[in-house]
Every structure is written in structure tokens, then in C-alpha cells.
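Just below is one structure, and these are the notes that go with it.
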Amino acid sequence: MLFICICVFLFSAFQLGKIFYNYYTIEKESAELVTQYVEEPEEEKEDPLKRVVNFEELQNINSDVIGWLYIPDTKIDEPILKGENNDTYLYTDLYMKSNTAGNVFIDEINSRDFSDDNTIIYGHNMKNGSMFAELLKFRKLSFAETHKISLWTPKKKLRLKVFSAYARKADTTLPVEFGSDEKKSMFIKEITERSEIRGGVSQKELRNAGQIYTFVTCSYEHDDYRTIVHAIERG
């Protein structure tokens, strides 16, 4: 009996060790990507978009790299990829190696140049707080008001402001194109009413909003739920 207990303990310890080592590797690789491919000048603290992302080198490694996402004071600091489909980078890293954290990637039906009415961006909610785990913090108004999203593409830099955040079933339909201003207004009204935060963005800003950027990750309050965060460009 003692021998069995010792075996069970050793097996459990081994499994836990594998999990913690996996989390360590994920965070280490993310940090190395920033060190290797992002230049951070001193004034970056005042303006995150002063950072310079070396897309040429990134795309030499993997031509599917189309952007970079950064949210100051969080662990979200990752390249954005566009795969052949939504499974391509679900459990595959930038170097095309198997990785439980996968990559941050846009929806398979979105355009590579972020030109759609609504670009949908996915990332895992890792239990060690990496990848998109901290996206859930945007469901608190105090966090949404004090944290802006920075997004780079090879051709432009964007400052994004969150105006809606909520949890929803995974089968929630998110349009990529609206087809008309009326349908766009209806979508904005729907997700604003659904939101758990209020007052972060004025009605005037929403009326004049251009493209929408939607961030999606797993959410664990109910089975098969997702946290969904919507942002618009800010002036």
C-alpha cells in the first residue's frame, strides 16, 4: 500500500512538474520574442507606439505574421498571425512547433491587412496568466478606462479603446462585414447593451467609430463560454 501511494505521489509530482515547466517555457518564449523583434525606446513608457516592431525579420521566420499586439501593464505582448484556418495556430507556435499556448491569430475569414469592418482576434486564456488571460480584466470599467490597446501592422500603428466587454457562449455569431451603416449601428447597440462595462466611450465616439477590433478568449464561468472584448480606434 505504501509503495502504491509513493508511486501515485511521484506520478502526480511528475505531471505537475510538466505543467509548470510548460508554463515557464511559454512565458520564456514570449519574452524572447519581444527581446528579439521589438525595439523599446525610453519614451515608450509615455507612448507605447514608440516601440518598433521588426516585421521583416518576423516574416522571414513565418510569413503568416501580420501584426503585433501589446497592452501595457499586462502580459499581452504577442505577434498576431493569420493561418489557413482557425486551427492552424491553435496549438502551434510562431516557429510551427507544437505548443499548448498556440499563437494569437485573426479569424480565418478576416483579411490579412485588418481592413474588415470587424477584425476578430483569438488567443488562449492560459491558467498561468499568459496569452489572453488578462483580457478578462477589461470586464471591469476601472481597468478598461486606464488600459489602452496598441496594435501594429507592417503599415500602420493603432491605439484602441475598449467600449464593450462581456462573457458569452462560444457559438455567438460575430460579423466581419456589416454591409450597411444601419447594420453596423445595430451591432454596436447590441454589444453595448450586452456589455458589463458602461461609460468608457462616448456615444459620439461610437457613432463616428470606424473599424471594430474584437478580442476573444476562453472564459470559465460556464461551460463553453468566451470573454469577448470590442475596441475602436481612438484619436
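For the sequence shown, the working numbering assigns the number 8 to the initial residue and increments by one for each residue that follows. Ideal Cβ positions, reconstructed from N, Cα and C, are used throughout, including at glycine.
Euclidean distance between Cα positions of residue 173 and residue 129: 15 Å
Within-7 Å CB hit, residue 139 to chain B: Protein chain content of the structure displayed is limited to a single chain, and chain B is not contained in it.
Environment of residue 178 [buried if 16+ CB atoms lie within 10 Å]: exposed
Residue 81 beta carbon less than 7 Å from that of residue 139: no
Euclidean distance between Cα positions of residue 103 and residue 85: 15 Å
Spatial neighbours of residue 115 in its chain, beta-carbon cut-off 6 Å, leaving aside the 5 residues before and after: 92 and 93
Cβ-Cβ distance between residue 89 and residue 119 below 7 Å: yes
Cβ neighbours of residue 72 in the same chain (closer than 6 Å, five flanking residues each side left out): 65, 66, 86 and 88
Option nearest residue 152 by Cα separation, candidates 209, 185 and 228: 209
Per-residue burial, residue 110 [other beta carbons within 10 Å of its own, 16 or more giving buried]: buried
Residue nearest to residue 144 in terms of C-alpha spacing, selected from 57, 48 and 226: 226
Unbroken alpha helix (DSSP H) run spanning residue 199, endpoints: 188 to 201
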